[in-house]
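Colleague: Before I ask anything, here is the structure I am working with.
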Amino acid sequence: MTLPPKVTERAFARLSEIGASAQGKALRVAVEGGGCSGFQYEISLDDPAEGDLVLEGSGEQVVVDEVSLPFLTDAVIDFTEELIGARFVIDNPNATASCGCGTSFSM
């Protein structure tokens, strides 16, 4: 059984702060080939598309395309603020290894 990714309240709150839904946009989380570990996350504000899984909370949306969905089974999409900056992060239990920047992983 494929469990969809989860989105934290902190991630939805950040989308509200930046006014994503007010601009008609959603946070798109995709997985692409490349990066130093084989796969990399692509995170952007985008228009929802037909076939996307739509995760909603606090009036905001996070979308995942059909191709990326199996790579994000049971992952957690969050937002973090650290000394080096603020960013959306993904805790992916399917990743067997990841790089130091956290945007590249292998399975």
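Residue numbers (this note's numbering): 7 to 113.
All residues carry an ideal CB built from backbone N, CA and C; glycine is no exception.
Let me check understanding here. Comparing Cα to Cα, which of 9, 55 and 8 lies closest to residue 31?
Modeller: Out of 9, 55 and 8, 55 has the C-alpha closest to the C-alpha of residue 31.
Colleague: Shortest alpha-carbon distance to residue 72 belongs to which of 97, 60 and 44?
Modeller: That would be 60, whose Cα lies nearest to the Cα of residue 72.
Colleague: Can you tell me which of 82, 24 and 53 puts its alpha carbon nearest to the alpha carbon of residue 10?
Modeller: Checking every option, the nearest Cα to that of residue 10 belongs to 82.
Colleague: For residue 58, does the count of other Cβ atoms within 10 angstroms reach 16, so buried, or fall short, so exposed?
Modeller: That one is buried.
Colleague: If you follow the alpha helix (DSSP H) that residue 22 is part of, which residue opens it and which one closes it?
Modeller: First-last of the alpha helix (DSSP H) with residue 22: 15-23.
Colleague: How big is the Cα-Cα spacing for residue 79 and residue 98?
Modeller: About 8 Å.
Colleague: Within 10 angstroms of its Cβ, does residue 17 collect 16 or more other Cβ (buried), or is it exposed?
Modeller: Label assigned to residue 17: buried.
Colleague: Between residue 22 and residue 67, which are expected to be in contact by the criterion C-beta below 8 Å, what is the C-beta distance as a whole number of angstroms?
Modeller: The pair is not a contact, with the Cβ atoms about 11 Å apart (cut-off 8 Å).
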